[in-house]
Every structure is written in C-alpha cells, then in structure tokens.
Amino acid sequence: MDFKDYYAVLGVSESASPEEIKKSYRKLARKYHPDVSKEDDAGEKFKELGEAYEVLKDPEKRTEYDQLRKYGPQADGSFQPPPGWQSESGFGGGGYTDADSRQFSDFFEQMFGGGQAGGRHAGGGFRQNVRMRGEDVLARLPLFLEEVFNGCEKQVSFAVHEADDQGRIVARQKTLKVKIPAGMREGQHLRLKGQGSPGIGGGEPGDLLIEVELAPHPMFSVEGRDVVLTVPVTPWEAALGATIMVPTVGSKVNVKVPKGTSSGRKLRLKGKGLPGKHPGDQIVVLQIVIPEQHSAEAEKLYEQLAEAEKKFDPRSKLHL
Amino acid sequence: MSEKDSILTVEVMDSDGSTFTLHEVCERGECHAEFVIKLVNYGIISPVEPSAEARQWLFDVAALARLHKARRLQRDLKMNLPGLAMSLELLDEVQEMRREVARLNHRLQQLLD
Numbered sequence: 001m002d003f004k005d006y007y008a009v010l011g012v013s014e015s016a017s018p019e020e021i022k023k024s025y026r027k028l029a030r031k032y033h034p035d036v037s038k039e040d041d042a043g044e045k046f047k048e049l050g051e052a053y054e055v056l057k058d059p060e061k062r063t064e065y066d067q068l069r070k071y072g073p074q075a076d077g078s079f080q081p082p083p084g085w086q087s088e089s090g091f092g093g094g095g096y097t098d099a100d101s102r103q104f105s106d107f108f109e110q111m112f113g114g115g116q117a118g119g120r121h122a123g124g125g126f127r128q129n130v131r132m133r134g135e136d137v138l139a140r141l142p143l144f145l146e147e148v149f150n151g152c153e154k155q156v157s158f159a160v161h162e163a164d165d166q167g168r169i170v171a172r173q174k175t176l177k178v179k180i181p182a183g184m185r186e187g188q189h190l191r192l193k194g195q196g197s198p199g200i201g202g203g204e205p206g207d208l209l210i211e212v213e214l215a216p217h218p219m220f221s222v223e224g225r226d227v228v229l230t231v232p233v234t235p236w237e238a239a240l241g242a243t244i245m246v247p248t249v250g251s252k253v254n255v256k257v258p259k260g261t262s263s264g265r266k267l268r269l270k271g272k273g274l275p276g277k278h279p280g281d282q283i284v285v286l287q288i289v290i291p292e293q294h295s296a297e298a299e300k301l302y303e304q305l306a307e308a309e310k311k312f313d314p315r316s317k318l319h320l
Numbered sequence: 321m322s323e324k325d326s327i328l329t330v331e332v333m334d335s336d337g338s339t340f341t342l343h344e345v346c347e348r349g350e351c352h353a354e355f356v357i358k359l360v361n362y363g364i365i366s367p368v369e370p371s372a373e374a375r376q377w378l379f380d381v382a383a384l385a386r387l388h389k390a391r392r393l394q395r396d397l398k399m400n401l402p403g404l405a406m407s408l409e410l411l412d413e414v415q416e417m418r419r420e421v422a423r424l425n426h427r428l429q430q431l432l433d
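Respectively, the protein sequence lines represent chains A and B.
Position 10, counted from 1, in the first sequence is what our numbering calls 10; the numbers after and before it change by one each time, with no gaps.
The number in our numbering is simply the position in the second sequence, starting from 1, with 320 added.
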C-alpha cells in the first residue's frame, strides 16, 4: 500500500489553515473536474483531491493523519499502519460527505474506512429493502476516422459500482466488446442498455453511455459530417484545369480541377463524407504549390508569362 | 478492487433513436422532477418536443448525458442553477473551440509542409 501525501495533493503546507485547505481544494477541484479538464488523468487527479480533502477538512481525521504521516512511509515508499491502528474519526463522526467516496484509495480505506456505515454500504439497516436502479456509467471512446467511417468493434473498459458479499459498494472494472456503427460523429452518444452498474435489491441495472471522440487524422480533418482534405496542385494544373487523383477515406477518386483555380478554392465531393442517413461530403481545399527549384527553362517560361500577364495585379485590393 | 475483466460482445441498442420520459431521467439522474424542469427552464437541457407539457416530455440520450454531467458538476463543485447553465454553455464553447483550433492547426500544418 502506498502512502498518500494529502498535503502535497492539495498543494498546501502541513501548517495550512482550514480556510487555505478549502480554498486550494475548491480551486483544484474546478481545474481537474473530469467534465471540465481535458487532461487524460483528470479523473484520477480529481479522485485524489476528493480523498485528500475528505481527510484534511475534518479536524479529527487530520490529526490522525498527521500522526500517521510522522510515522511515515518506508524507504520503498510503501506504507504499513502502526500496529493496532484504528481510526476514531471513521466511526460516527459525520461519516462521509457527498464526495464520491467509493473510489477512494486502499490507503484511505485502511486508515479511515472503519466507519463506513453510511457512505460505502449498500445493505445494512434500513437500506436492506431498498430497491435501486444501478447508475448509468459514462465512458469516452476515442476512435480513428477509418473506424468511424466503416464502423468497428472496440473494447471499452470502465468501472461500475456494485455491492460485494458484505453489502459494501466496490468499484469493479468491466470490459466489453462493442460494435460501433458506421458514421458516428464526435460527441455523439451510444447507449448500451443494462451494461452500467448493477441495481440494488433487484433494481434494474444502469446503462453504459459511450461518448465518441475522434482521434486526429494525419491527412483528413472532420467538420460535422464533412471530411476536409487539403490537396496540392501545380500552378499549371490550376491555370489550365486538370483531372487529378484525390484520396477519400478508404478509397480514391478522380477530381476535375476547374480552369483558372486559385489557392484555397474548395471542391465538394458529394456523399464522400461520413456515412449515414444523410451522408456528409468531402471538401477538397486546393493549394497551389511550386517546385523548390525551377529549371532554367521553366524560369524562362515564367519570365515570358510575367510579360504576357503584366496587367494582372493580385494585390489590387491592398490599396498600395 | 477489480475482478477479472469480463469480455462480452454486445450490440449497440440505439444510437440516436431512444428517448426517456421525465420520470425515467429523474430515476437515472437520481434527482427530482423539479430539478429537471429547472434545467429545461434554464435551457440547460431540452426535451425532443419542447412545446409539450412536462408530463409528456421525452429526452434523448444526449440530454440524458448532459443531465448526468449537470448533476456531477452540481455535486462536486457545489454549483447553483445559473452557474451550472453558464458553465455548461462555456464548456460547450470551449470544447467546440478546442476542436476548431485542432482543425485549424491541422490545416495550417498541411499548408506549411
């Protein structure tokens, strides 16, 4: 079991006042709330914060924790409580707050977990006959564009809460293989009926809600249902018009570049975006590129071109 | 804390289609109807047919996910309704902007290559 330095977690000193602890907790809780932060480990951090605050905001728990802290971790960072250690504050004294205490660490559980009559018990006392629907669980699922495009089968891991033999609520890791239909968009949700946390007292299980995220693609970007691709063309293709080969997701098509095309011009390939009842389009953004080095012959031709097109002023709108 | 992972192949029941009554979202969100009605009045979530009476409201999966989010924010950050409404709107905006920035960066990278 690892020792948890709750002061470090909350970024406060050992001598911090209750006000400082509260202030720091509130600030960090806003920063690391999993619904707010984009950091991958925000969920973990937020849990740690809740656990640290649970202990340090309670004068009794804090005093006990300070004693344990003096006793300290072993050289390898692991921690064993002193022999005969028993928390006084865990029993009775207010119990848990409404923080999600079910996912606190083993360290917390070992030190303060004695009095879990309220928070972590599902059975026991009057609750025994309670029938409760299991909670819905939200999982985020990052997908590659090709997977979104074609549909795929993915493994999804998430934690559900359920009662163990003693009626304690524990977190259990669950993994499912899920068939993702083609054409899902970023931010869309899938619902897997009955795959969330089990119900209590014969209550119905909750659902798993999967939120789709899209991993960045090296070539394509996605806007709603449309797929956007920048395609380089030569100046002569742009000037004279040409038929060029353009990749689409999983395939390729021939596209006609109209005569007299400027850089940034967009071509719409109908129905080549994300599939679905209303399939999206692929937007091709043309970008004129020139070789890094021209041959002497080409340079001569450009000089002729410059002479022939002397009247063309691309900067006429810049009021020079 | 974790038992051996169970691997199961499941089909997705519904993507867009399914809806939930006011009673169902209350049960799932572990909240009173009053709270959901307030969320609707503040424009935080909306039923599929906003004109209908509260008893006839139906919510889609996205609204349900948003209700869960609102409940988490309210519980964890002790927010009141106007604060929730504003935060959720700003969070949406931030997320949209992050996506936009990612898209633009991506395109810029392509132009510079």
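Every residue gets a Cβ at the ideal spot worked out from N, C-alpha and C, and that includes glycine.
From a predicted model like this one, the values you see are computed outputs, not experimental measurements.
With DSSP collapsed to three states, give me the class of residue i.
i	result
A/Leu190	strand
B/His426	helix
B/Cys351	coil
B/Phe379	strand
A/His294	coil
A/Pro59	helix
A/Val222	strand
A/Ser263	coil
B/Ala372	coil
A/Thr97	Here A/Thr97 scores only 47 on pLDDT, less than 50, and its place in the model should not be relied on; the value that follows carries that caveat. Coil at A/Thr97, not helix or strand.
A/Ser78	strand
A/Asp2	strand
Suppose you measure from the CA of residue i to the CA of residue j; what does that come to, to the nearest Å?
i	j	result
B/Cys351	A/Met245	56 Å
B/Glu416	A/Asp313	38 Å
A/Leu190	B/Ser338	10 Å
A/Lys31	A/Leu49	11 Å
A/Pro279	B/Gln394	38 Å
A/Phe3	A/Ser13	17 Å
A/Phe149	A/Asp165	44 Å
B/Trp377	A/Leu274	31 Å
B/Pro402	B/Leu342	21 Å
A/Val227	A/Ser221	6 Å
A/Glu153	B/Phe340	27 Å
A/Ala16	A/Arg185	47 Å
A/Glu54	A/Tyr25	10 Å
A/Val249	B/Leu432	22 Å
A/Glu39	A/Leu28	13 Å
B/Ala353	B/Arg418	34 Å
Would you mind telling me which residues of chain A sit closer than 9 Å to residue i, beta carbon to beta carbon, in chain order?
i	result
B/Glu373	Within 9 Å Cβ-Cβ: nothing; B/Glu373 doesn't reach chain A, min ~25 Å.
B/Arg427	Ser221, Val228, Thr230 and Val285
B/Leu342	Residues of chain A passing the Cβ test: none, with the nearest at roughly 15 Å.
B/Ser338	Arg191 and Lys193
Anything in chain B within Cβ reach of residue i, meaning under 8 Å, just list it in chain order.
i	result
A/Arg133	Glu347 and Arg348
A/Ala139	Those do not exist, as A/Ala139 stays about 11 Å from chain B at its closest Cβ, beyond 8 Å.
A/Leu209	Val381, Leu384, Ala385 and His388
A/Asp40	Chain B residues near A/Asp40: none, gap ~14 Å exceeds 8 Å.
For residue i, write down the residues that DSSP places opposite it in a beta bridge.
i	result
A/His161	A/Ala171
A/Leu141	A/Val212
A/Asp313	None, per the DSSP bridge assignment.
A/Arg268	A/Ile283
A/Ala229	At residue 229 of chain A the sequence reads Leu, which differs from the Ala that was named. Beta-bridge pairing links A/Leu229 to A/Val284.
A/Gln155	A/Lys177
A/Thr248	A/Ser251
B/Phe340	B/Phe379
B/Met399	According to DSSP, B/Met399 bridges with nothing at all.
A/Ala238	Bridge partners of A/Ala238: none, in fact.
So which residues on chain A does residue i lean against when the C-beta distance must stay under 7 Å?
i	result
B/Gln394	Correct list: empty, because the minimum Cβ distance to chain A is about 10 Å.
B/Leu397	Ala29, Arg30 and His33
B/Ala422	Pro216
Going along chain B, which residues have a C-beta under 7 Å from residue i?
i	result
A/His189	Val381, Ala382 and Ala385
Name, please, each residue of chain B whose Cβ falls closer than 9 Å to the Cβ of residue i.
i	result
A/Val36	Leu393, Leu397, Ser407, Leu411 and Val414
Could you work out which residues of chain D lie near residue i, taking near to mean beta carbons separated by less than 8 Å?
i	result
B/Leu431	The displayed structure is made up of protein chains A and B, and chain D is not among them.
task = Please confirm if the region 227-234 of chain A is in contact with the region 269-288 of chain A, defined as three or more CB-CB distances below 8 Å between the two stretches.
result = yes
request  = Determine, using beta-carbon pairs with one atom in the region 360-367 of chain B and one in the region 384-401 of chain B, whether at least three such pairs fall under 8 Å.
outcome  = yes
query = Do the region 245-264 of chain A and the region 293-312 of chain A meet, that is, are 3 or more Cβ pairs less than 8 Å apart?
reply = Under the three-pair Cβ rule at 8 Å, the region 245-264 of chain A does not count as touching the region 293-312 of chain A.
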